[in-house]
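Numbering (the working numbering), first residue to last: 7 to 147.
In structure tokens, the structure reads:
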């Protein structure tokens, strides 16, 4: 199995049980070893009292991309710490894309950066997640 095939199979297994990402309206766009891309179109139920995308929705999108990237090697992995910097608001109708990229893995720990952009390529937020492998697999291999 190639690394990309393993990542795709791991993502499919995770997506089948990921009711939270589906509930938000996220779409799994692409996955590869150490990388994942998810997208979401901002709807009215994603907007806060200022009429812009709620920060928790943006964070959830980044967190889901992070999850698919850090599980791409079929090793069950969870987040142990995240941080988010908001740079511009997501607006109603915007297509937000979260691109997660692995920057380092050492033992059971990993570091991932996620950039969230809108349909015009404007950076909406930057996220950094630290992962921890917990053992087990997402699918039998």
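Glycine included, every Cβ here is placed at the ideal spot set by N, Cα and C.
Please report the residue range of the beta strand (DSSP E) in which residue i lies.
i          : result
residue 33 : 33-38
Measuring only the C-alpha atoms, how far is residue i from residue j?
i           : j           : result
residue 81  : residue 141 : 6 Å
residue 139 : residue 116 : 8 Å
Relative to the ligand GDP, is the shortest distance from any of its heavy atoms to the C-beta of residue i smaller than 7 Å?
i          : result
residue 92 : Among the components of this structure there are no ligands whatsoever, and the ligand GDP is therefore not found.
Determine the burial state of residue i: buried for a count of at least 16 other Cβ atoms within 10 Å of its Cβ, exposed for fewer.
i           : result
residue 67  : buried
residue 114 : exposed
residue 144 : buried
residue 3   : No information on residue 3 is available, as it lies outside the stretch 7 to 147 that the chain covers here.
residue 42  : buried
* Every unbroken beta strand (DSSP E) within the stretch 89-135, with a cutoff of 3 residues, ordered by chain -> Taken in chain order, the whole beta strand (DSSP E) runs of length 3 or more contained in the stretch 89-135 are 101-112, 115-123.
* **4 or more residues per run - each alpha helix (DSSP H) lying fully within the stretch 15-66** => Within the stretch 15-66, the runs of alpha helix (DSSP H) that reach at least 4 residues and sit entirely inside it are, in chain order, 25-30.
* Take every Cβ of the stretch 49-58, pair it with every Cβ of the stretch 14-28, and state whether three or more of those distances are shorter than 8 Å. => Because the criterion of three Cβ pairs below 8 Å is not met, the stretch 49-58 and the stretch 14-28 do not touch.
* Asked: Any chance the stretch 89-102 sits against the stretch 37-53, with 3 or more Cβ pairs inside 8 Å?
  -> Short answer: they touch.
* Three or more C-beta pairs closer than 8 Å, one from the stretch 102-109 and one from the stretch 59-74: is that the case here? -> With the rule of 3 Cβ pairs closer than 8 Å, the stretch 102-109 counts as touching the stretch 59-74.
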